[in-house]
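Student: As you go down the protein sequences, you meet chains R and W in turn. If you count by numbering that gives the first Met the number 0, then the first sequence holds residues 0 to 490, one letter each, in order. If you count by numbering that gives the first Met the number 0, then the second sequence holds residues 0 to 94, one letter each, in order. Provided herewith is a single structure, encoded as structure tokens, for subsequent inquiry.
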Amino acid sequence: MAQAFAAGLKSMDYEAVIGLEVHAELLTNSKVFCGCSAKFGAQPNENTCPVCLGMPGALPVLNRRAVEFAIRAGLASRSTVAACSRWARKNYFYPDLPKGYQISQYELPICTGGAIDIDTSAGSKTIRLTRIHMEEDTGKNIHDAHGDSSLVDFNRCGVPLLEIVSEPDIRSSEEAGAYLRKLRTLLQYLEICDGNMEEGSFRCDANVSIRPRGTTPLGTKVEIKNMNSFRNVERAIDHEISRQAAVLRDGGSLVQETRLWDPDREATRSMRSKEFAHDYRYFPEPDLLPLVVSNEWIETVRNALPELPDARRQRFVASYGLPEYDAEVLTARKDVADYFEAAVRAHANAKAVSNWVMGEMLRLIKERHLDAALIIRAWPVLPERLAEMVALVDGGSISGKIAKTVFEAMVKTGKAAPDIVAAQGLTQISDAGEIDAAIDAVLAANPDKVAEYRSGKDKLFGFFVGQVMKATQGKANPQKLNEILKKKLQA
Amino acid sequence: MSLDRNTVHHVALLARLELSEQEEAQFTDQLGHILEHFEELAALNTDGIEPTSTVVDLIPRYRDDVVTNPPAPEELRANAPARDDNFFKVPKIIE
């Protein structure tokens, strides 16, 4: 019997059950419980005070904006914002926390429930949220610098954090990636978190277990930490799923533990230090009153919410007639969507503007790393200027090909498209007489090719077009050129 | 409710307290008595009573989101047992 079961396990097909915990640093000016700057990149321990260093007698005072940001996140993810929630002490000793406890929320978080909708290759799916709670961030430890000691920087200690916990509804690394991207887009739209995984302002831990496909009991859960990019999260999850399946197929058993992702080795390894750290002995924080949020406050925040990514994507399809794909790409960032709409307001050819934004503009943004900022302000070309250029194309003044040259010149010089076109003589030649003359010259110079074409070598048509374009520096109106050339060759 | 000695040992470990055998026995006894007192409280009927986590009036107090602290002065770091420039230095952390 036992052998049959073990054999069954070996041939079994496994399904992964994944829940994600995201820590999002809130973009407040000051820390959550004291007036220290919350800015990234200061000198070590420069942004500290008696409160965030845990000096005896220092007392926390709550930052109103941090609460407002948490309410925003809750409303945008269809969470229920609690009228009254409670601060809790999470007790543990680790050199990232000077007080010996972290002020967090435990039994009564500020938001409960909620959901994030994701799209994957298999279709759309809803990932439920368990909760969103507020807490203070911890300090930073530098481990490997100086032989037998570690260094501690408390600048980050006390920066407000949201911990966003999903239900174990995720089944694959692809779904995990889609969920994280969606969540980050949402927080960026709300302007409450810059979503920078490399700098650690958007962090993710994954709880991964596997079970034989078709069964319901949950397997032993392993928590993975230290994944600092979307790609690393996906790879770590894939690796962990196959590691667990291999252990079970070999007849072994899994232990509940925390494992660290090592991106260089592309593997997870067991983390020894937190073996019994999960016994946090939470209790209500005596230094802070319960967190009371009035209905009026919630409604004020709700009324000020921006249009959210899903709604905006649907509107882009419905009111601009854009393909789903365009709408998705354009609304992935609020600033890009705003840019697009500003350009379309100036010149109402949505699809043409979309092509330019998705193509040249996004390429430049990536190249110049402009997307590292929460909101791009240093646009290479202003939306109105881009619209002006698209209008020149639509009006027949310049060809689509010349438009690329004009765009590059706009980026380089900051000048407007009509000025560049005028200064460089790039206006499209639509005058039939002028095109006529250029074609005649090309045909006269290539009598043998003309003969070949007329004896059936149709492919040469492209050659003639190329020659005429060359002669006119690319300025001939392509439609007119085709028309006239065809006539002349048939004659 | 009697408290077993292993629990006391575990809690001491979590609190980073080093207890002698004798102290462990003593605290097992004392903490057991405290828990017995809570059991007496637990016998009270609290149906329909909201859990109380504070007895202070719930008037929310907030700070505005303004940086009011200047960069930390040297004095704030002066008490640290070990430093490396502006970093605090601690025994090597093993992950």
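Backbone N, C-alpha and C fix where the C-beta goes; we use that ideal spot for every residue, glycine too.
Using a Cβ cut-off of 8 angstroms (strictly closer), state whether S128(W) contacts chain R.
Tutor: One cannot answer for residue 128(W) here, as it falls past the ends of chain W, which runs 0 to 94.
Student: G56(R) touches chain W at which residues, Cβ-Cβ below 9 angstroms?
Tutor: Here the premise fails: no neighbours, minimum Cβ distance about 14 angstroms.
Student: On the premise that V389(R) lies in contact with V352(R), defined as a C-beta separation below 8 angstroms, what is that separation, rounded to the nearest angstrom?
Tutor: The pair is a contact, with the Cβ atoms about 6 angstroms apart (cut-off 8 angstroms).
Student: Decide yes or no for the touch test of the segment 34-47 of chain R against the segment 72-80 of chain R: beta carbon pairs closer than 8 angstroms, at least 3 of them.
Tutor: no
Student: Pull up the CB-CB distance for D95(R) and G138(R), whole angstroms please, since I reckon it's below 8 angstroms.
Tutor: 5 angstroms
Student: Let me know if H32(W) comes out buried or exposed under the rule of 16 or more other beta-carbons within 10 Å of its beta-carbon.
Tutor: H32(W) comes out exposed.
Student: Going along chain W, which residues have a C-beta under 7 angstroms from S36(R)?
Tutor: V66
Student: In the DSSP assignment, find the alpha helix (DSSP H) that holds V352(R) and state where it starts and stops.
Tutor: Segment 349-355, the alpha helix (DSSP H) holding V352(R).
Student: Verify the CB distance criterion: does D3(W) have a CB-CB separation below 8 angstroms to chain R?
Tutor: Taking 8 angstroms as the CB threshold, D3(W) stays off the interface with chain R.
Student: What residues in its chain sit with their C-beta under 7 angstroms from that of R183(R), if we drop five residues either side in the sequence?
Tutor: G194, F201
Student: Taking the beta strand (DSSP E) that N225(R) belongs to, which residues open and close that run?
Tutor: 221-226
Student: Alpha carbons only, please: which of L425(R), K485(R), R367(R), I428(R) is nearest the one belonging to V410(R)?
Tutor: R367(R)
Student: Could you give the DSSP three-state label for T125(R): helix, strand or coil?
Tutor: strand
Student: Please state the DSSP three-state secondary structure of L161(R).
Tutor: Strand at L161(R).
Student: Answer with yes or no whether the minimum CB distance from N44(W) to chain C is below 8 angstroms.
Tutor: Given the protein chain composition of this structure (R and W), no chain C is represented.
Student: Does DSSP classify Y319(R) as helix, strand or coil?
Tutor: DSSP places Y319(R) in helix when its eight states are reduced to three.
Student: For S123(R), which option in L363(R), S149(R), E173(R) has the closest C-alpha, if you only look at C-alpha atoms?
Tutor: Checked all of L363(R), S149(R), E173(R); the closest Cα to S123(R) is E173(R).
Student: Starting from the C-beta of V300(R), find all residues in its chain whose C-beta is less than 8 angstroms away, skip the five residues before and the five after it, and write them out in chain order.
Tutor: E67, I70, R71, L74
Student: Kindly indicate the opening and closing residues of the alpha helix (DSSP H) around R258(R).
Tutor: No alpha helix (DSSP H) contains R258(R), which is instead part of the beta strand (DSSP E) from 256-261.
Student: Drop a sphere of 10 angstroms on the beta-carbon of V254(R), count the other beta-carbons inside from all chains shown, and report buried for 16 or more, exposed for fewer.
Tutor: exposed
Student: Taking the alpha carbon of R62(W) as the reference point, which residue from L287(R), E327(R), L484(R) has its own alpha carbon closest?
Tutor: For R62(W), the nearest C-alpha among the options comes from L287(R).
Student: Examine chain W for any beta-carbon lying closer than 8 angstroms to the beta-carbon of P43(R), and answer yes or no.
Tutor: Put simply, the CB of P43(R) is near chain W, with a gap under 8 angstroms to one of its CB atoms.
Student: Quick one, which of T267(R), T404(R), G56(R) has its alpha-carbon nearest N225(R)'s?
Tutor: Per the Cα distances, T267(R).
Student: Run through the segment 29-90 of chain W for me and flag every whole beta strand (DSSP E) of 3 or more residues, listed as ranges in chain order.
Tutor: 86-90
Student: For chain W, check one thing: does any of its Cβ atoms lie closer than 8 angstroms to the Cβ of L150(R)?
Tutor: At least one beta carbon of chain W lies nearer than 8 angstroms to the beta carbon of L150(R).
Student: Is it buried or exposed for P379(R), if we count other Cβ within 10 angstroms and need 16 for buried?
Tutor: buried
Student: So T119(R) is in the beta strand (DSSP E); what residue range does that whole segment cover?
Tutor: 114-119
Student: Evaluate E222(R) with the Cβ neighbour count: other Cβ atoms within 10 Å of its Cβ, from every protein chain shown; 16 or more gives buried, anything less gives exposed.
Tutor: Buried, because 16 or more other Cβ atoms sit within 10 Å of the Cβ of E222(R).
Student: How big is the Cα-Cα spacing for L290(R) and N68(W)?
Tutor: Between L290(R) and N68(W), the C-alpha separation is close to 24 angstroms.
Student: For my contact list, L160(R) and D136(R) are in at a C-beta cut-off of 8 angstroms; report their separation, rounded to the angstrom.
Tutor: 5 angstroms
Student: When the cut-off is 8 angstroms and only beta carbons count, does F86(W) lie next to chain R?
Tutor: At least one chain R Cβ lies under 8 angstroms of F86(W).
Student: Would S29(R) pass as an interface residue toward chain W - the criterion being a Cβ-Cβ separation below 8 angstroms?
Tutor: yes
Student: What does the alpha-carbon distance come out to for the pair L16(W) and H9(W)?
Tutor: In this model, L16(W) and H9(W) are separated by some 10 angstroms (Cα to Cα).
Student: Let's test the definition: count the other Cβ atoms within 10 Å of the Cβ of K333(R) and tell me whether it reaches 16, buried, or not, exposed.
Tutor: With a 10 Å radius around the Cβ and a threshold of 16 neighbouring Cβ atoms, K333(R) comes out buried.
Student: Using 8 angstroms as the threshold, is the C-beta distance between V335(R) and Y319(R) below it?
Tutor: no
Student: Does the beta-carbon of R212(R) have 16 or more other beta-carbons within 10 angstroms, so that it is buried, or is it exposed?
Tutor: exposed
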